[in-house]
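Residue numbers for the sequence shown follow this note's numbering, beginning at 16 and rising by one. Built from N, CA and C at the ideal position, the CB exists for glycine as well.
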Amino acid sequence: MRAGYGTGDSCSSYGNRNFYNYFTDWFGSTQKPPAPAVVPPDMTQFVVAVDSTGVAWGYPYADSTWGSRIEIAKGLTNVTALVDVGDFDGDGRRDFVALDEDRKLFLLRGGADGSDIRLGPPEALPGDWTAVVSIISAGDFDGDTITDLFTVNAAGDLFLRSGTGFGAFHDPVRVGSGWHRMEAVSGGLDMSGDGKPDLIGRDGAGNLYLYPSNGHGAWGNRVQMGHGWSMMTGIFTVGDFNGDGRPDLLAHANGGKLMLYRGIGGGRVTGAGAVGSGWARMTAKSAVNGVIMGPRPFPGGFGNVDGVPGNDVVAVAKTGEAYVYGGNGAGKFGPRSTVATGWKTGDTGIPLGDFNRDGYPDIGRIDEAGLFQFYAGKPGGGFAAPVRIGHDWGAFTRVIGGFDWDGDRLLDVVVTTEDGLMLLYRGNGRGGWMSGGGAQISHGWTIAEEVFHAGDFDGDGRGELIARMKDGTLRTYPMTGKGSFAAASQIGHAWDVFETVFSPGDFNGDGKSDIIAVDPAGVMYLYPGTGAGKMLARVKIGSGWSVMSSIG
16 MRAGYGTGDS CSSYGNRNFY NYFTDWFGST QKPPAPAVVP PDMTQFVVAV DSTGVAWGYP
76 YADSTWGSRI EIAKGLTNVT ALVDVGDFDG DGRRDFVALD EDRKLFLLRG GADGSDIRLG
136 PPEALPGDWT AVVSIISAGD FDGDTITDLF TVNAAGDLFL RSGTGFGAFH DPVRVGSGWH
196 RMEAVSGGLD MSGDGKPDLI GRDGAGNLYL YPSNGHGAWG NRVQMGHGWS MMTGIFTVGD
256 FNGDGRPDLL AHANGGKLML YRGIGGGRVT GAGAVGSGWA RMTAKSAVNG VIMGPRPFPG
316 GFGNVDGVPG NDVVAVAKTG EAYVYGGNGA GKFGPRSTVA TGWKTGDTGI PLGDFNRDGY
376 PDIGRIDEAG LFQFYAGKPG GGFAAPVRIG HDWGAFTRVI GGFDWDGDRL LDVVVTTEDG
436 LMLLYRGNGR GGWMSGGGAQ ISHGWTIAEE VFHAGDFDGD GRGELIARMK DGTLRTYPMT
496 GKGSFAAASQ IGHAWDVFET VFSPGDFNGD GKSDIIAVDP AGVMYLYPGT GAGKMLARVK
556 IGSGWSVMSS IG
């Protein structure tokens with residue numbers, strides 16, 4: 016029978032069709048939904064647990080229904096904790112870290128063996144982990160789009176280990192104390208509904224607390240979620256387990272029964288009954304959340320170079336001073352600081368992103384003599400002494416950096432010449448160049464007045480170059496990430512009224528790439544990006560910028 020709305024056919028009757036329409040409108044499909052599956056792990060939610068033989072299993076769930084478990088790793092007999100760290104190395108696959116009984120930390124890369132399901136073999140992570148007694152998922156705790164990790168030592172100090180984005184962690188930063196009193200802790204998920212990852216802990220008296228993040232590496236006010244949780248030996252946040260749109264908790268009791276606590280908003284939960292048994296036999300239990308759509312695009316602009324949360328703007332004055340104008344992460348500027356001394360009037364600052372892959376944004380300087388000076392970013396802001404990595408760069412009309420042209424996760428630089436050629440200089444990931452620099456990748460750029468990297472401006476998961484043309488139009492040139500451009504498109508006109516146009520990346524803290532423009536009078540405007548290749552109404556964010564010879 017041809018059911019549903021429409022004309023029907025000779026085999027259908029209106030009575031049956033009307034009943035079908037009303038039933039499915041009110042109660043949903045008459046077909047049994049497919050069982051959830053961990054295929055692929057980058058796109059699904061599941062619980063992960065390690066059994067006594069060292070096999071890690073993924074248990075997929077959807078709408079309070081479990082799918083068939085699937086093996087995702089093995090050889091983990093010595094592991095005490097296995098934690099999802101999202102796309103830790105930026106390659107578009109979900110990764111995990113594991114802590115073993117000898118206090119060593121390992122990275123298990125998603126898809127490392129060519130499989131869509133299985134994790135690669137454990138890789139020892141650098142650093143001293145001997146004082147660590149537990150690891151906890153942190154989500155993106157510091158707001159830089161890269162997944163982080165919490166660790167706790169025997170004294171109860173809580174440390175944040177920020178991810179570098181390249182499969183490693185920064186040095187630990189102490190962000191709490193007294194966590195030895197917490198007997199079960201889970202994190203990495205937004206339970207309060209503010210879009211920022213939180214931490215949940217249960218103390219020895221059975222009290223359950225929510226520790227909300229402020230999204231910039233610090234805490235809000237602690238909230239008690241409940242009491243009487245002493246019988247629970249493990250707690251983990253699982254996202255939306257029952258399909259009602261709110262994050263839930265799973266907890267297992269001494270007998271191994273797995274209990275669901277349904278989220279009811281504002282960080283509160285209510286008991287919803289048992290959803291499993293036999294979990295006492297499993298170790299290293301945790302949950303996987305979030306969707307990974309593909310390799311993580313590199314952001315536009317100079318990034319956070321002063322060590323204070325928020326993307327920054329770097330400008331060179333006509334008198335030769337080079338300054339960092341610190342963004343506050345909400346579309347305004349904070350204090351100004353000096354990049355480095357010795358810059359000249361004709362020098363230009365170049366955004367390079369994390370060019371040497373140490374986890375800190377770097378900048379380049381093309382000086383009046385055409386020398387390319389590399390300034391490596393330092394922890395807490397500022398730069399190391401410059402290192403010369405090129406000469407004769409003054410002959411190029413534009414130098415654009417901070418993006419990966421060919422998909423090898425190493426940041427590159429392109430230049431344009433007076434005759435409109437675009438040439439590629441491939442970064443080696445160590446603050447220098449691969450051989451074969453200066454290869455032509457495009458032509459026809461004489462019609463462009465300015466060209467800059469804007470990060471993922473249109474939301475397709477890939478970076479874009481944006482060009483302001485001599486006719487005043489603004490055009491995007493999407494990069495495929497495989498060494499080519501996709502089709503260009505126009506996103507604006509009448510931009511020839513500005514002296515300079517550039518992207519600071521996400522300047523207002525909404526997670527979308529923005530554009531900044533400065534007019535001849537030195538007035539600066541922010542054009543917030545929508546994340547879909549368009550811009551919202553401009554906002555004035557400064558004046559007096561006409562004294563600058565270079566802004567980016």
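Could you tell me which residues DSSP puts in a beta bridge with K555?
Sequence index remark: in the sequence shown, residue 555 carries index 540 (1-based). Under DSSP, K555 takes part in a beta bridge, and its partners are Y540.
Could you check how far apart the C-beta atoms of G361 and E383 are, in whole angstroms? I think they sit under 8 Å.
Start at 1 with the first residue of the sequence shown, and residue 361 comes out as number 346. Start at 1 with the first residue of the sequence shown, and residue 383 comes out as number 368. Confirmed, about 4 Å.
Starting from N168, trace the beta strand (DSSP E) both ways and give me its first and last residue.
Counted from its first residue, the sequence shown places residue 168 at position 153. First-last of the beta strand (DSSP E) with N168: 163–168.
What residues in its chain sit with their C-beta under 8 Å from that of D427, if we drop five residues either side in the sequence?
Counted from its first residue, the sequence shown places residue 427 at position 412. Hits under 8 Å: G416, F418, D419, W420, D421, L439, Y440, R441, G442.
DSSP three-state label for V5, please.
Nothing can be reported for residue 5: it is not among the residues displayed for the chain, which extend from 16 to 567.
What separation, rounded to the nearest whole angstrom, lies between the Cα atoms of G288 and A96?
Here residue 288 is taken as the residue at index 273 of the sequence shown, counted from 1. Here residue 96 is taken as the residue at index 81 of the sequence shown, counted from 1. Their Cα atoms are separated by approximately 26 Å.
Could you give the distance in angstroms between the alpha-carbon of K272 and the alpha-carbon of M206?
Along the sequence shown, read from residue 1 onward, the residue named residue 272 stands at position 257. Along the sequence shown, read from residue 1 onward, the residue named residue 206 stands at position 191. Their backbone Cα atoms lie some 23 Å apart in a straight line.
Among A299, P141, N326, L551, which has the Cα closest to the Cα of G182?
Reading the sequence shown from its first residue, position 167 is the one you call residue 182. Nearest option by C-alpha distance: P141.
Please state whether DSSP places W420 in a helix, a strand or coil.
As a working note, residue 420 is residue 405 in the sequence shown. DSSP places W420 in coil when its eight states are reduced to three.
At 3 residues or longer, what runs of the beta strand (DSSP E) sit wholly inside the segment 353–416?
If only uninterrupted beta strand (DSSP E) runs of at least 3 residues are considered, those enclosed by the segment 353–416 are 363–368, 377–381, 387–390, 402–405.
For the candidate residues G392, E514, A299, whose alpha-carbon lies nearest to that of S67?
To locate residue 67, count along the sequence shown from 1; it is residue 52. Ranking the options by Cα distance to S67, first place goes to A299.
From this set, D57, L204, I250, which residue's C-alpha is nearest D218's C-alpha?
Stepping through the sequence shown from its first residue, residue 218 is reached at position 203. Ranked by Cα distance from D218, the first of D57, L204, I250 is I250.
For M16, which of helix, strand or coil comes out of DSSP?
Within the sequence shown, residue 16 is the residue found at index 1, counting from 1. Bear in mind that a pLDDT of 46 at M16, under 50, signals an unreliable position, so the number given afterwards is only what the model happens to contain. If DSSP states are grouped into helix, strand and coil, M16 belongs with coil.
Where does S565 fall in DSSP's three states?
Indexing the sequence shown from 1 puts residue 565 at position 550. Three-state DSSP puts S565 in a strand.
Using C-beta distances below 7 Å, list every residue in its chain close to L246, excluding the 5 sequence neighbours before and after it, in chain order.
Numbered from 1 along the sequence shown, position 231 holds the residue referred to as residue 246. A quick correction: the sequence has Met, not Leu, at residue 246. Excluding sequence neighbours, M246 sits near A268, N269.
Quick test of your reading: I462 and K497, contact by CB under 8 Å. State the CB separation rounded to the nearest angstrom.
Along the sequence shown, read from residue 1 onward, the residue named residue 462 stands at position 447. Along the sequence shown, read from residue 1 onward, the residue named residue 497 stands at position 482. In fact, because the Cβ distance is near 25 Å, the residues do not count as touching under 8 Å.
According to DSSP, is A547 part of a helix, a strand, or is it coil?
Walking along the sequence shown from the start, residue 547 turns up at place 532. A547 falls in the coil class under three-state DSSP.
Which same chain residues end up closer than 6 Å to Q505 when comparing Cβ atoms and leaving out the 5 residues on each side of it in sequence?
Here the question's residue 505 lines up with position 490 in the sequence shown. These residues qualify, in order along the chain: T488, R490.
Name the DSSP beta bridge partners of N448, please?
Counting from one through the sequence shown, the residue named residue 448 turns up at place 433. Note that residue 448 corresponds to Trp in the displayed sequence, not to Asn. Partner(s): G442.
Would you mind reading off the limits of the beta strand (DSSP E) that contains P493?
Taking the first residue of the sequence shown as position 1, residue 493 is located at position 478. Secondary structure note for P493: its beta strand (DSSP E) is the uninterrupted segment 489–493.
At a cut of 8 Å, does the segment 362–378 reach the segment 344–352 through at least three beta carbon pairs?
no
Output needed for V328: all residues of its chain with C-beta closer than 6 Å, excluding positions within five of it in sequence on either side, in chain order.
Counting from 1 along the sequence shown, the entry for residue 328 is found at position 313. For V328, where only same-chain residues beyond five positions count, the Cβ hits under 6 Å are Y340, P519.
Which whole-angstrom value describes the C-beta separation of T166 and G154, a residue pair presumed to lie in contact below a C-beta threshold of 8 Å?
Working through the sequence shown from its first residue, we reach residue 166 at position 151. Working through the sequence shown from its first residue, we reach residue 154 at position 139. Going by Cβ atoms, the distance from T166 to G154 rounds to 15 Å, so no, they are not a contact pair.
According to DSSP, is W244 helix, strand or coil?
Position 229 of the sequence shown, counted from the start, is the residue given in the question as residue 244. Here W244 sits in coil by DSSP.
What are the start and end residues of the beta strand (DSSP E) that includes E479?
The residue labelled residue 479 in the question sits at position 464 within the sequence shown. Element bounds for E479: 479–484.
Between M550 and G544, how many whole angstroms is the CB-CB distance? I'm expecting something under 8 Å.
Here residue 550 refers to the residue found at position 535 of the sequence shown. Here residue 544 refers to the residue found at position 529 of the sequence shown. That pair is a contact at about 6 Å.
Find the nearest neighbour of N58 within the set D110, F467, S79, judged by alpha-carbon distance.
Here residue 58 refers to the residue found at position 43 of the sequence shown. Here residue 58 is Met; the residue named in the question, Asn, does not match the sequence. Relative to the Cα of M58, the nearest Cα in the group D110, F467, S79 belongs to D110.
Are F398 and G392 closer than 8 Å when you measure CB to CB?
Stepping through the sequence shown from its first residue, residue 398 is reached at position 383. Stepping through the sequence shown from its first residue, residue 392 is reached at position 377. Yes, Cβ-Cβ distance for F398 and G392 is below 8 Å.
Along the beta strand (DSSP E) that carries E86, what are the first and last residues, could you check?
Mapped onto the sequence shown, residue 86 falls at position 71. If you look at E86, you'll find it in the beta strand (DSSP E) that goes 85–88.
Less than 6 Å between C-beta atoms, sequence neighbours within five positions excluded: which residues of the same chain meet that for M4?
Outside the displayed span of the chain (16 to 567) sits residue 4, for which this structure offers no information.
Using the three-state DSSP reduction, which class does H267 fall into: helix, strand or coil?
Sequence index remark: in the sequence shown, residue 267 carries index 252 (1-based). H267 falls in the strand class under three-state DSSP.
Could you tell me the boundaries of the beta strand (DSSP E) in which V284 lies?
On the sequence shown, position 269 is the one that residue 284 refers to. DSSP places V284 in the uninterrupted beta strand (DSSP E) bounded by 283–291.
Give the single residue among M297, I381, F389, G470 whose Cα lies nearest to the Cα of S565.
On the sequence shown, position 550 is the one that residue 565 refers to. Comparing Cα positions, the closest option is I381.
Can you tell me whether R133 is helix, strand or coil according to DSSP?
Position 118 of the sequence shown, counted from the start, is the residue given in the question as residue 133. In the structure shown, R133 adopts coil according to DSSP, grouped into three states.
Report back the beta-carbon spacing between G230 and G158 to the nearest angstrom; my notes put them in contact at under 8 Å.
Within the sequence shown, the letter at position 215 stands for residue 230. Within the sequence shown, the letter at position 143 stands for residue 158. So it is a contact: roughly 5 Å between Cβ atoms.
In chain order, what residues of the same chain lie with their CB nearer than 6 Å to the CB of D102, ignoring the 5 residues before and after it?
For this step, residue 102 is matched to residue 87 along the sequence shown. The answer, listed in chain order, is I307, R311.
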